[in-house]
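Chains as they are written, first to last, in our numbering: chain P, 1 to 382; chain V, 383 to 764; chain D, 765 to 1146; chain W, 1147 to 1528.
We put the CB at the ideal spot given by N, CA and C, even for glycine.
Protein chains: 4
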Amino acid sequence: MAENRNRPIRLGMVGGGAGAFIGGVHRIASRIDGEYQLVAGALSSRPEVAKESGRELGLADDRIYTDYEEMARAEAAREDGIEAVSIVTPNHMHFGPAKAFLEAGIHVICDKPLSSSLEDAQALASVTPKNGAKFLLTHNYTGYPLMRQAREMVQSGALGKIRVVQVEYPQDWLTEKTDEDNKQASWRVDPKRSGAGGAIGDIGTHAYNLARFVTGLKTEKLAADLTAFVPGRQLDDNVHIMLRFEGGAKGMLWASQVAVGCENGLQLRVYGDKAGIEWRQDNPNQMWFTEFGKPKQLLTRGGAIGVAPAEHMGVRVPPGHPEGYLEAFATLYTQFAAIIRGDGAEYTDVLPSMADGIEGMQFIMAAVRSSEQDAAWVTLEG
Amino acid sequence: MAENRNRPIRLGMVGGGAGAFIGGVHRIASRIDGEYQLVAGALSSRPEVAKESGRELGLADDRIYTDYEEMARAEAAREDGIEAVSIVTPNHMHFGPAKAFLEAGIHVICDKPLSSSLEDAQALASVTPKNGAKFLLTHNYTGYPLMRQAREMVQSGALGKIRVVQVEYPQDWLTEKTDEDNKQASWRVDPKRSGAGGAIGDIGTHAYNLARFVTGLKTEKLAADLTAFVPGRQLDDNVHIMLRFEGGAKGMLWASQVAVGCENGLQLRVYGDKAGIEWRQDNPNQMWFTEFGKPKQLLTRGGAIGVAPAEHMGVRVPPGHPEGYLEAFATLYTQFAAIIRGDGAEYTDVLPSMADGIEGMQFIMAAVRSSEQDAAWVTLEG
Amino acid sequence: MAENRNRPIRLGMVGGGAGAFIGGVHRIASRIDGEYQLVAGALSSRPEVAKESGRELGLADDRIYTDYEEMARAEAAREDGIEAVSIVTPNHMHFGPAKAFLEAGIHVICDKPLSSSLEDAQALASVTPKNGAKFLLTHNYTGYPLMRQAREMVQSGALGKIRVVQVEYPQDWLTEKTDEDNKQASWRVDPKRSGAGGAIGDIGTHAYNLARFVTGLKTEKLAADLTAFVPGRQLDDNVHIMLRFEGGAKGMLWASQVAVGCENGLQLRVYGDKAGIEWRQDNPNQMWFTEFGKPKQLLTRGGAIGVAPAEHMGVRVPPGHPEGYLEAFATLYTQFAAIIRGDGAEYTDVLPSMADGIEGMQFIMAAVRSSEQDAAWVTLEG
Amino acid sequence: MAENRNRPIRLGMVGGGAGAFIGGVHRIASRIDGEYQLVAGALSSRPEVAKESGRELGLADDRIYTDYEEMARAEAAREDGIEAVSIVTPNHMHFGPAKAFLEAGIHVICDKPLSSSLEDAQALASVTPKNGAKFLLTHNYTGYPLMRQAREMVQSGALGKIRVVQVEYPQDWLTEKTDEDNKQASWRVDPKRSGAGGAIGDIGTHAYNLARFVTGLKTEKLAADLTAFVPGRQLDDNVHIMLRFEGGAKGMLWASQVAVGCENGLQLRVYGDKAGIEWRQDNPNQMWFTEFGKPKQLLTRGGAIGVAPAEHMGVRVPPGHPEGYLEAFATLYTQFAAIIRGDGAEYTDVLPSMADGIEGMQFIMAAVRSSEQDAAWVTLEG
């Protein structure tokens, strides 16, 4: 991972005020390789919070906004205005800001999922960005070096023809009834702010996106059984899905927020007719790779490689020195910076895009629709 | 695990001649605790093989048979005749011998699944055993001490109300087209000898049985997607199933014989509203147990226990000295010996029975039926 | 692992009465492959215990002894007398029985260490066995298939020239003051029954023997720091040793009975100039093997092999079905049976011998001597 | 981990030009929490490299130096001069810059070990920093949240009286003869630049420091056996040490650069009379904790805690989202920033200090001295 050798990109942020989680993650990710400098923000819709949060982050008073549309206008008009903006609001508040900034010619980095409804997602996709403004969706798990390597291994044929894809994302933090005061939890279980999906939208999309990223397989149909286990909960907290991919591969996806003992157990297993891989996010510096009839190999991030080369994978420190979640997140930011500078053509293919966001929304809606029909097979397109 | 303090039970065997795998396993299992002595056998239907195999195992010539019906008659007539028989033939050859020996008043230890068709299974269940002859089905994974403990933990309420059950059994040994000369493989992929299910019958039933054993949950419905990935294969080599249990719990079952890198990855994970457990057969002396909001605990076979007592679990050597597959298998044999001797009332509840065998066949047939209907929800009863 | 095709060898046992641990282990080990049948015993020096224990194990009254010398005489005189005897008494009671049975022409299977003093060990080595009676020392960890394979890999040069050997055996069961009533613990902490070494003799010898077995390296010198951490304990409960091998390799050995959290953590790591291996007894079906500059490979018992063939390794069930402590122990018994029958020349080299027992005693005494001299370097020979 | 709410501290750097490893690590660490901004540097003693590296990092030309003394003078004289400097040169080049900047009143962040000789280390300790300039030694592994927690657990008595400390740091990257062109390797095996110790200074000090940090135990004596396994190598590439601590605890330390299969296997295990802990750097988000007689618990960074509170531990993202090497490194930088600002009194105790650096040098020299005397016991003081 080369260090930034350029002037940092001027960055703004929408959402991410006091008490937020993912806003802080985006800020660290933007800083790790020195590619961005935060200079403006509409960190909260509540003026006091916006002001205080902005000042604490060192923003000048005239670049602290409470209205994202005003921010888009004002920043686009400044000579030293922001070049990119991070949108880290709850799902239902992605569409508005993303549209506003793209139309103002400001590059957009948007947290996933793309929106809270497929309509919003499609509307956003039809926006014409001014001056070719670019869009990045932060499906951050695709930034892990070994997931990049896994993708290359699939593409190079090292696994042969893919047959089975098992992906899961169990957590346990919503095992009990959600406290209204828990800012992280409360919007995620509220259909008005999350959209029609609970766990399916919050973590199911991550699992789905990662499986798609690594295998490249297109989904033909899915059958979903969504459940809200916690009494009174309106949105699903457990997701069981069977997948059929074009070309005949099959898969299972399990996402849960009530699997006691699982902190953040994203796991991907892919089996082809030549070889299989297995990877877990909670120890992301290792990946199993087994060729049929040979011993299992433990590939390590940046370490000795059995099959595919590990170049341009976003490795910062030598194998054995673990990198983690923030570094993977930062890799998306840093490679998007290269694209913004017109120097990142090689990353266009791997960075999560508007199209991935649309597909993610289709996936969520298809799962909800299938589940409402007693787990009937449905297509993503509806 | 107390050592045998009695005269060994006289044992016969049907199947298990030269080249067989599971026959040898049954013989070791019968010997470990000194509870049985093999004295008769119809080890093969081919006279030469039967004779040679019998002699190699030290059987007297007059107790080497080629016909199981003759064996049942002759042994029942001898004063020193066998008291129990192990049936270790391919699936389609379970019914005949089991019926013959039960009707001859000889206890039966039968490999799983119970038969190759539900009709046979039900017919066997309606047999009236002479002299109260008993029946054991060797769902051997239930013999692992930690699976016994898991069952007790569920029953004692340590996990709370069960919500999610994830069970899987991936292997890779049938990844490629089966060699006709591979005795183990050839009958398993042949509908005439295996029945209508491939992986579903060979390993899917084990996974299903283990989940049922530990959770006690009854299945309401299942939706199955069975696939034969290897070109030309007639029976499924990959099984995807969604499960709905009575009372609202949900589950997923994955079994595969084409998951490259998996030797024998039977894994059970059960999550309740209070706690969760996770166990893998390939390192069976450990089980994760997590109470919500507390650190994960690694319970060990016979070791310090978080919740439930571990008595009568079949532990032979101290924690840290691993026991394995053969010991778990032996525990079934040994506890069945106690039942045969009229001294094993405490084991009646935990040993796999005729009823478990019927349910296993229902499970296989339901999965096949569902898959034929594009993964429609079906009940076990049909 | 081929099953026994012969008449079982008639076996006796000295020690192993009610309440004993290792006696039961030896009995199971003798039965697993059907090679032995227990027919006589001096299971305790207390007549009542001897009688009751013998009857419970199904021995005829006239073959229950209380005196091992009488047993040796009587059994040697019987036409159907025992052909082999297992000695499973505390350390100080190994020498007498071993000498008596060897001189009576009865094969001896002796628990480790060879004795409680080097003098006894040497005296035993100078005994002339009648009729070529053979001797086996049950350093059971050498029976694990992957340790056999590791030894072959070292011999074949797969690791290159060995540089570093790290072996350890931590337990925690003696963390607190020993209860007098704990039969297992009490003799192990008593110099009269254990000899001059505590942990060094009980588990340190196992660790040392395993390192020697796998690497073949001869010890040039060692420096030992033995400690009794528990107040009032007379024998060491923690062992720190630095090793220098002939040819320049170096090693460390750690054994402890006060390492809280360790059940039975025997671990061996060997590093050569070409490759390294790592193995743990508590998950003995796996071994890491890494060639320099390549990914780590996880070799499995009986599974796909990176380098050396795994024949004659004592594998009973397919990879993924774990075998454990009892199976490894049984492999020693079974291969010794082949030697007894004159059919086991191939095993002479791998089965632990009288010479290994002498070296084990030298190792214990050298460690005690070094520790008394403030961890001075000493040779095994003194 | 609170985000920086202040103006970033102006930072300079000595060393770390093109081709360097640890310089880049320091720069990322300084950026992660937004606490520092790099504005000046003497990145190389070669003018061309210094200039080019400086420009690439965005330094103004007048703040690119080739001489650290000139840099110290010039920066101290500027109103906007650097407030702190990172020293990331090879060991023999730590003393000069550290002295110069401390005497110029500029805070110093120095890579470990403190120097290449004990004399230099002591001379540095006797420098009187101008204006109370502070000093930080980057023993980065102490920045891992679970190592902070382990230290608190020891201090709180959760482990009881410490008995045994096993620490190790195996690598394999110097298994073969070092290529002269490998910038990272070449100075580490050169006594002129590394000092008298090879592996002992490069990684042995890290292991020693971490054990000291967590246990708080003072070393009474050590006996060291250092080896250079690679033919022609002048400095040790393998370190075996036995440790005796004040109060009676014992320990072993193993460090190696020739342990094939080990990338960066720093591991610490500490056993007291009540409980034990085990931690590995390559999966640093987990730590085993076992209370005697209870099941092992897997504590996670920021997760549910068995014993001690995990506040102020430097956790940035929720449990299950792994943090790694760079985050731990950044925690040292960030907490040192608080001290620089006069707001970090709570961190004084945990941040590695000049005294730790002196002790580290004493440790290196004692190990070398002991090894030269055939592993005689020596004290740190000589």
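If I measure Cβ to Cβ from residue 1138 of chain W and keep anything under 7 Å in the same chain, skipping five residues before and after, which residues do I get? This structure cannot speak to residue 1138 of chain W, because chain W is shown only from 1147 to 1528.
Run of the beta strand (DSSP E) containing residue 1312 of chain W, from where it starts to where it stops: Position 166 of the fourth sequence, counting from 1, holds the residue named residue 1312 of chain W. Counting along the chain, the beta strand (DSSP E) containing residue 1312 of chain W begins and ends at 1308-1316.
If residue 72 of chain P sits next to residue 106 of chain P, beta carbons under 8 Å apart, how far is it from one beta carbon to the other, in whole angstroms? Reading the first sequence from its first residue, position 72 is the one you call residue 72 of chain P. Reading the first sequence from its first residue, position 106 is the one you call residue 106 of chain P. With a Cβ gap of about 7 Å, residue 72 of chain P and residue 106 of chain P count as contacting.
Taking Cβ positions, are residue 108 of chain P and residue 98 of chain P nearer each other than 8 Å? Reading the first sequence from its first residue, position 108 is the one you call residue 108 of chain P. Reading the first sequence from its first residue, position 98 is the one you call residue 98 of chain P. Yes.
Should residue 925 of chain D go down as buried or exposed, given a rule of 16 or more other Cβ atoms within 10 Å for buried? The sequence position of residue 925 of chain D within the third sequence is 161, counting from 1. Note on residue 925 of chain D: under 16 other CB atoms within 10 angstroms of its CB, so exposed under the neighbour-count rule.
Among D:788, D:1125, D:913, which residue has its Cα nearest to the Cα of residue 1066 of chain D? Indexing the third sequence from 1 puts residue 1066 of chain D at position 302. For the residues D:788, D:1125, D:913, the minimum Cα distance to residue 1066 of chain D belongs to D:913.
Contact set between residue 1091 of chain D and chain V, taken where Cβ atoms lie within less than 8 Å: The count along the third sequence starts at 1 and reaches residue 1091 of chain D at position 327. In chain order: 706, 708.
Hey, is the segment 576-589 of chain V in contact with the segment 635-649 of chain V, meaning 3+ C-beta pairs nearer than 8 Å? Yes, the segment 576-589 of chain V is in contact with the segment 635-649 of chain V.
Could you name each continuous alpha helix (DSSP H) segment of 4 residues or more that falls completely within the segment 620-699 of chain V, going from the start of the chain to the end? If we require 4 residues or more, the segment 620-699 of chain V turns out to have no alpha helix (DSSP H) run fully inside it.
Label residue 645 of chain V either buried or exposed according to how many other C-beta atoms from any shown protein chain fall within 10 Å of its C-beta, with 16 as the threshold for buried. Indexing the second sequence from 1 puts residue 645 of chain V at position 263. By the neighbour-count rule (16 or more Cβ atoms within 10 Å), residue 645 of chain V is buried.
Entirely within the segment 1082-1139 of chain D and at least 4 residues each: give me those alpha helix (DSSP H) ranges in chain order. Fully contained in the segment 1082-1139 of chain D are the following alpha helix (DSSP H) runs of length 4 or more, in chain order: 1089-1104, 1118-1136.
If you draw a straight line from the C-alpha of residue 722 of chain V to the C-alpha of residue 516 of chain V, how long is it? Counted from its first residue, the second sequence places residue 722 of chain V at position 340. Counted from its first residue, the second sequence places residue 516 of chain V at position 134. Going by C-alpha positions, residue 722 of chain V is about 7 Å away from residue 516 of chain V.
Straight-line CA distance for residue 1198 of chain W to residue 1260 of chain W? Taking the fourth sequence and counting its residues from 1, one reaches residue 1198 of chain W at position 52. Taking the fourth sequence and counting its residues from 1, one reaches residue 1260 of chain W at position 114. Approximately 28 Å, taken between the alpha carbons.
Kindly list the residues whose CB is nearer than 6 Å to the CB of residue 1271 of chain W, restricted to its own chain and excluding five residues on each side of it in sequence; keep chain order. Within the fourth sequence, numbered from 1, the residue matching residue 1271 of chain W stands at position 125. Contacts found: 1500, 1504.
Let me know the alpha helix (DSSP H) ranges lying completely inside the segment 1171-1198 of chain W, each 4 residues or longer, listed in chain order. Those alpha helix (DSSP H) runs which fall completely within the segment 1171-1198 of chain W and span 4+ residues do not exist here.
Reduced DSSP secondary structure (H/G/I, E/B, other) of residue 227 of chain P: The residue labelled residue 227 of chain P in the question sits at position 227 within the first sequence. Residue 227 of chain P falls in the strand class under three-state DSSP.
Identify every run of the alpha helix (DSSP H) within the segment 97-156 of chain P, keeping only runs that are complete inside it and at least 4 residues long; order them along the chain. Correct list: 118-125, 145-155.
Contact list for the segment 997-1030 of chain D against chain V, Cβ threshold 8 Å: Of all residues in the segment 997-1030 of chain D, 1026, 1027, 1028, 1029 have a Cβ within less than 8 Å of some Cβ in chain V.
Alpha helix (DSSP H) segment containing residue 835 of chain D, residue limits: By one-based count along the third sequence, residue 835 of chain D stands at place 71. Boundaries of the alpha helix (DSSP H) harbouring residue 835 of chain D: 832-841, taken from the DSSP string.
For the segment 940-950 of chain D and the segment 1041-1050 of chain D, state whether three or more C-beta atom pairs, one from each stretch, are separated by less than 8 Å. With the cut-off at 8 Å, the segment 940-950 of chain D and the segment 1041-1050 of chain D do not touch.
Run through DSSP, which three-state label would residue 776 of chain D get? Position 12 of the third sequence holds residue 776 of chain D. Three-state DSSP puts residue 776 of chain D in a strand.
If I measure Cβ to Cβ from residue 1444 of chain W and keep anything under 7 Å in the same chain, skipping five residues before and after, which residues do I get? Your numbering for residue 1444 of chain W matches position 298 in the fourth sequence. 1432, 1434.
DSSP three-state label for residue 205 of chain P, please. Taking the first sequence and counting its residues from 1, the one referred to as residue 205 of chain P is at position 205. Correct three-state label for residue 205 of chain P: helix.
Mind listing the chain D neighbours of residue 444 of chain V? Cutoff is C-beta to C-beta under 8 Å, in chain order. Translated into positions along the second sequence, residue 444 of chain V becomes position 62. Against chain D, the beta carbon of residue 444 of chain V has no neighbour under 8 Å; the closest one sits roughly 18 Å away.
Presumed contact (8 Å Cβ cut-off) between residue 806 of chain D and residue 778 of chain D, rounded CB distance: If you number the third sequence from 1, residue 806 of chain D lands on position 42. If you number the third sequence from 1, residue 778 of chain D lands on position 14. For a cut-off of 8 Å, the C-beta gap from residue 806 of chain D to residue 778 of chain D is around 5 Å, short enough to register as a contact.
Residue span of the beta strand (DSSP E) that contains residue 158 of chain P, given as start and end: Residue mapping note: residue 158 of chain P aligns to position 158 of the first sequence, counting from 1. Note, residue 158 of chain P: premise wrong, no beta strand (DSSP E); not H, not E.
Considering Cα atoms alone, identify which of D:985, D:1144, D:1133, D:1129 is closest to residue 881 of chain D. Here the question's residue 881 of chain D lines up with position 117 in the third sequence. Checked all of D:985, D:1144, D:1133, D:1129; the closest Cα to residue 881 of chain D is D:1129.
Any C-beta of chain V under 8 Å from that of residue 856 of chain D: To locate residue 856 of chain D, count along the third sequence from 1; it is residue 92. Answer no: the Cβ-Cβ gap between residue 856 of chain D and chain V never drops below 8 Å.
Can you tell me whether residue 581 of chain V is helix, strand or coil according to DSSP? By 1-based counting over the second sequence, the position of residue 581 of chain V is 199. DSSP places residue 581 of chain V in helix when its eight states are reduced to three.
Chain C contact for residue 297 of chain P (CB, 8 Å cutoff): Among the chains of the structure shown, chain C does not appear; the protein chains present are P, V, D and W.
Give the DSSP-derived three-state secondary structure of residue 846 of chain D in the structure shown. For the purposes of this step, residue 846 of chain D is identified with residue 82 of the third sequence, where counting begins at 1. Assigned with DSSP and collapsed to three states, residue 846 of chain D falls in coil, not helix or strand.
Secondary structure at residue 183 of chain P, three-state DSSP: helix, strand or coil? As a first step, residue 183 of chain P is located in the first sequence; it is residue number 183 there, counting from the start. DSSP places residue 183 of chain P within a helical segment (H, G or I) once states are collapsed to three.
State the CB to CB distance for the pair residue 578 of chain V and residue 743 of chain V, rounded to an integer number of angstroms; the pair is presumed to be in contact (CB under 8 Å). Start at 1 with the first residue of the second sequence, and residue 578 of chain V comes out as number 196. Start at 1 with the first residue of the second sequence, and residue 743 of chain V comes out as number 361. Not confirmed; about 10 Å, so no contact.
Residues that residue 378 of chain P bridges to, as DSSP identifies them: Residue 378 of chain P sits at position 378 when you count from the first residue of the first sequence. Looking at the DSSP output, residue 378 of chain P shares a beta bridge with P:222.
Just how far apart, CA to CA, sit residue 398 of chain V and residue 405 of chain V? Start at 1 with the first residue of the second sequence, and residue 398 of chain V comes out as number 16. Start at 1 with the first residue of the second sequence, and residue 405 of chain V comes out as number 23. A straight-line Cα-Cα distance of about 4 Å links residue 398 of chain V and residue 405 of chain V.
Closest Cβ-Cβ distance between residue 1126 of chain D and chain V: below 8 Å? Stepping through the third sequence from its first residue, residue 1126 of chain D is reached at position 362. By the rule that beta-carbons nearer than 8 Å mark a contact, residue 1126 of chain D does not touch chain V.
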